[in-house]
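S.K.: Got a structure for you, written out below as C-alpha cells; questions coming shortly.
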Amino acid sequence: MTAEATRYAIGIDIGGTGIKGAVVNVADGTLVGERCKVKTPEGASITEVLDAVATLRTSICSQALDLPRYLPVGICMPSVIRHGRSCTAANIAPEWVGYEAATGFSEALGQRVSLVNDADAAGYGEVRFGAARDTSGSILVITLGTGIGSALIYNGKLFPNTELGHLELDGHPDFERVGSARGREVSGLSFKAWAQTRLTPYFQKLEQLICPDAFIVSGGVSKRPETFLPYIDCQTPIEVAGLTNNAGIIGAALLGAEGWD
Numbered sequence: 008m009t010a011e012a013t014r015y016a017i018g019i020d021i022g023g024t025g026i027k028g029a030v031v032n033v034a035d036g037t038l039v040g041e042r043c044k045v046k047t048p049e050g051a052s053i054t055e056v057l058d059a060v061a062t063l064r065t066s067i068c069s070q071a072l073d074l075p076r077y078l079p080v081g082i083c084m085p086s087v088i089r090h091g092r093s094c095t096a097a098n099i100a101p102e103w104v105g106y107e108a109a110t111g112f113s114e115a116l117g118q119r120v121s122l123v124n125d126a127d128a129a130g131y132g133e134v135r136f137g138a139a140r141d142t143s144g145s146i147l148v149i150t151l152g153t154g155i156g157s158a159l160i161y162n163g164k165l166f167p168n169t170e171l172g173h174l175e176l177d178g179h180p181d182f183e184r185v186g187s188a189r190g191r192e193v194s195g196l197s198f199k200a201w202a203q204t205r206l207t208p209y210f211q212k213l214e215q216l217i218c219p220d221a222f223i224v225s226g227g228v229s230k231r232p233e234t235f236l237p238y239i240d241c242q243t244p245i246e247v248a249g250l251t252n253n254a255g256i257i258g259a260a261l262l263g264a265e266g267w268d
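Here our numbering runs 7 ahead of the position in the sequence shown, where the first position is 1.
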C-alpha cells in the first residue's frame, strides 16, 4: 500500500438505529466528502447488516472524490470484539455472539477490514483529534445513544472492551437500559431530570471504580450538551466530545488505516 493510500480510509459506524460512514483524512481527522447513512435493518441480523454495510460503502465510494482507488476500511459496532469475533450483541441480533465478524465483513466487502467496539472507536477518535487530543493520564469516554458505551484511554493508548454501560446500578442489572439516551426517551424524562437522576449516580459510580482524570461525553446528545451536562454532579471534569457524533467514524477509519486487529 502506498503512503498516499494510507492518508485516507473509510470509517463505518454500526449503531442500533443507523449505520453511517465516510471517507476520513487520517492525517487530520476530517471527513472527505459527504457522510452517508442507511437505516440499521430491523432486528440487525448478520446477513442484513453485512448487505447494508456493503451498500453504504458503495454510496461512500460513488461520490466524485479524487482519492486513491484502494481505501482501508475500519468498522465499529456495538459488541465486544476479540480477535475479530463479536462476543456480545447490544441492540443487534443475538446471532452475532460468537460470529467471526471481521471475516464476514471482509468477505462482504471484498477486502480486509479492521473491526472494533463502537465506543472504543469513538474514544480513539477523541484522543487523536477530539477533546482528549494531546492529553495524558486516564480518559474515560462515555457514549450516550441507543445504549451506553465506554472507552478507556491511558496516555493515548486504548484499553478495549471495557463495557461499563452494563453496570448493575440502583437495582438495574443493565444500567444502559435506563441510563442511555434511548432510556431517557422511553422513560419520558426531561434532559435535566435524566442528568440528575440517572447520569449523576452513573458517573459517580464510574468515579468510584475507575477514578479517571477526565470524562468525555460522546454520542448524538453531545450536539446539545447544555441541556444535560451542567446537571451531572460529580467531581471529575466532564467535557463534551470534540468530534460529536462523527467520533466513531473517525476512530474506526484511523484504526482501519493502522491495521488494528
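Quick reminder that beta carbons are idealized off the backbone N, C-alpha and C, glycines included.
#1: Alpha carbons only, please: which of Gly263, Ile19, Asn253, Tyr15 is nearest the one belonging to Ala150?
#2: Do the CB positions of Pro85 and Ile21 come within less than 8 Å of each other?
#3: State whether the region 124-132 contacts the region 101-111, with contact taken as three or more CB pairs (one from each stretch) at a distance under 8 Å.
#4: Since Gly258 and Gly132 should fall inside the 8 Å C-beta cutoff, what is the C-beta to C-beta distance between them, to a whole number of angstroms?
#5: Could you have a look at Val123 and say whether DSSP puts it in helix, strand or coil?
#6: With H, G and I counted as helix, E and B as strand and the rest as coil, what does DSSP make of Ser187?
#7: Note the first and the last residue of the continuous alpha helix (DSSP H) segment covering Leu63.
#8: Looking only at its chain, what residues have a beta carbon closer than 8 Å to the beta carbon of Gly111, apart from the 5 residues adjacent to it on each side?
#9: Which residues in the same chain as Ala29 place their Cβ atom closer than 6 Å to its Cβ, once the five residues preceding and following it in sequence are excluded?
#10: Should the region 211-231 be called in touch with the region 85-97, which here means at least 3 C-beta pairs below 8 Å?
M.R.: With the given structure in hand:
#1: The sequence shown places Thr at residue 150, rather than the Ala named in the question. Of Gly263, Ile19, Asn253, Tyr15, the residue nearest in Cα terms is Asn253.
#2: yes
#3: no
#4: 3 Å
#5: strand
#6: coil
#7: 53-68
#8: Ile53, Leu57
#9: Leu38, Arg42, Ile256
#10: no
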